[in-house]
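Q: Sequence positions in the sequence shown follow my numbering and run 279 to 546.
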Amino acid sequence: PFDDNDSDLVLHTSDGGRFAFSGIVIRPEKGRDIIEITEDSLTTERVLHFCYPFTNPVLENLDDIQKVLAMMKKFEMRGLMERVKSLLVQPSFLEEEPLRVFAIAYRFGFEAETRIAARSTLRHQIFGPYVKELEHIPASVYHKLLQYHRKCSVVVCGLTSDFSWFPGFASRWIWFQCDDCVHHSLSWPLSDGKIYEVNAWFIEYMERARSVLRERPCGKVVNDPLLIMDALETATHCNTCRSSAFLDISTFIGEHFSVEVEKAVDTV
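1. Beta-carbon within less than 6 Å of C516's beta-carbon, same chain only, minus the 5 sequence neighbours each way: which residues are those?
2. Report yes if the C-beta distance between R397 and C435 is below 8 Å; otherwise report no.
3. Checking 8 Å against the spacing of the C-beta atoms, do V543 and C496 come in under that value?
4. Just reading off the beta strand (DSSP E) that S463 is part of, what are its end residues?
5. Can you tell me where the beta strand (DSSP E) holding H290 begins and where it ends?
6. Alpha carbon to alpha carbon, what distance is there between K541 and A509?
7. Could you check if I312 is buried or exposed, using at least 16 other CB atoms within 10 Å of its CB as the buried criterion?
8. Do H427 and T399 have their C-beta atoms within less than 8 Å of each other?
9. In angstroms, rounded to a whole number, what distance separates the CA positions of V476 and A487?
10. Whose CA, out of R324, V490 and F297, lies closest to the CA of E314?
11. List the DSSP bridge partners of N477.
12. As a quick exercise: from S536, S370 and R494, pick the residue whose alpha carbon is nearest that of L424.
13. Output the boundary residues of the beta strand (DSSP E) element that contains E314.
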């Protein structure tokens, strides 16, 4: 669609591409009908396709997305940028490359997407591999992200040493009921106002959970099968705990602990 010789505007790309079309899309300087641009042919073609209704080119990775956004920003195509920004927060990108998404979203002024990406960085250690997109944002913004990560870490780690948030029926869980296992040296108050002895294997699980939450403060990490299996391995050596430990700790983590972690992050 971009090879019409009767068009009044032609774009020449950095790699020799030629795109001819009506000047209503991008207005050249007065008196010119040819524009030399620094973008490559593929990026240019994708951007021009976005100019047509119901046409959304496939952008498979973050490199493609930010090239398209950069060209749109250069030519002040704000409306088209709004159509592209939702691609940044695809689950696969947020899961695997949230820091890149954060930097790209901030660079192009997408506030909601920046917040979503910041939350997604909590699934990873904050001091991970360097990403080149950080070069496009101020150091102060990255510092704020580090502060956010640290504050979330502090608030969620507090859940592992203060059990007042446990539900009212928590005392029914096996680690509060069993008298055959070794108890932890400390007793713990619950929301019912009473103080309970706790099996040592459960406290060991919470301590391990605290270690991972310190680096990755999000609810997903407490569901790590390795954390759970370590706790269950000890519990299965007890005749009393063996029958109930798996169900109780699965319920505790899935319905309470991971949910409470996310609630705590919401307060930051």
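All C-beta atoms in this analysis are idealised placements derived from N, C-alpha and C, irrespective of residue type, glycine included.
From a predicted model like this one, the values you see are computed outputs, not experimental measurements.
A: The short version:
1. Start at 1 with the first residue of the sequence shown, and residue 516 comes out as number 238. Excluding residues within five positions, the ones whose Cβ falls inside 6 Å are D458 and C459.
2. Numbered from 1 along the sequence shown, position 119 holds the residue referred to as residue 397. Numbered from 1 along the sequence shown, position 157 holds the residue referred to as residue 435. It is not a contact, given that the beta carbons lie outside the stated cut-off.
3. What you label residue 543 is simply residue 265 of the sequence shown in a count that begins at 1. What you label residue 496 is simply residue 218 of the sequence shown in a count that begins at 1. Yes. Within cutoff.
4. If you number the sequence shown from 1, residue 463 lands on position 185. Its beta strand (DSSP E) spans residues H461 to P467.
5. Walking along the sequence shown from the start, residue 290 turns up at place 12. Run containing H290: L287 to H290, per the beta strand (DSSP E) assignment.
6. Along the sequence shown, read from residue 1 onward, the residue named residue 509 stands at position 231. Along the sequence shown, read from residue 1 onward, the residue named residue 541 stands at position 263. Looking at the two C-alpha atoms, the distance is approximately 24 Å.
7. The residue labelled residue 312 in the question sits at position 34 within the sequence shown. Classification for I312: exposed.
8. Counting from 1 along the sequence shown, the entry for residue 427 is found at position 149. Counting from 1 along the sequence shown, the entry for residue 399 is found at position 121. It is a contact, given that the beta carbons lie within the stated cut-off.
9. Translated into the one-based positions of the sequence shown, residue 476 becomes position 198. Translated into the one-based positions of the sequence shown, residue 487 becomes position 209. C-alpha separation (whole angstroms): 16 Å.
10. Sequence index remark: in the sequence shown, residue 314 carries index 36 (1-based). If we check each option's Cα against that of E314, F297 comes out closest.
11. Position 199 of the sequence shown, counting from 1, holds the residue named residue 477. The partner list for N477 (beta bridge, DSSP) reads H461.
12. For the purposes of this step, residue 424 is taken as residue 146 along the sequence shown, with counting starting at 1. When each option's Cα is compared against that of L424, the closest is R494.
13. Counting from one through the sequence shown, the residue named residue 314 turns up at place 36. It spans I312 to E314 - the beta strand (DSSP E) in which E314 sits, taken as one unbroken run.
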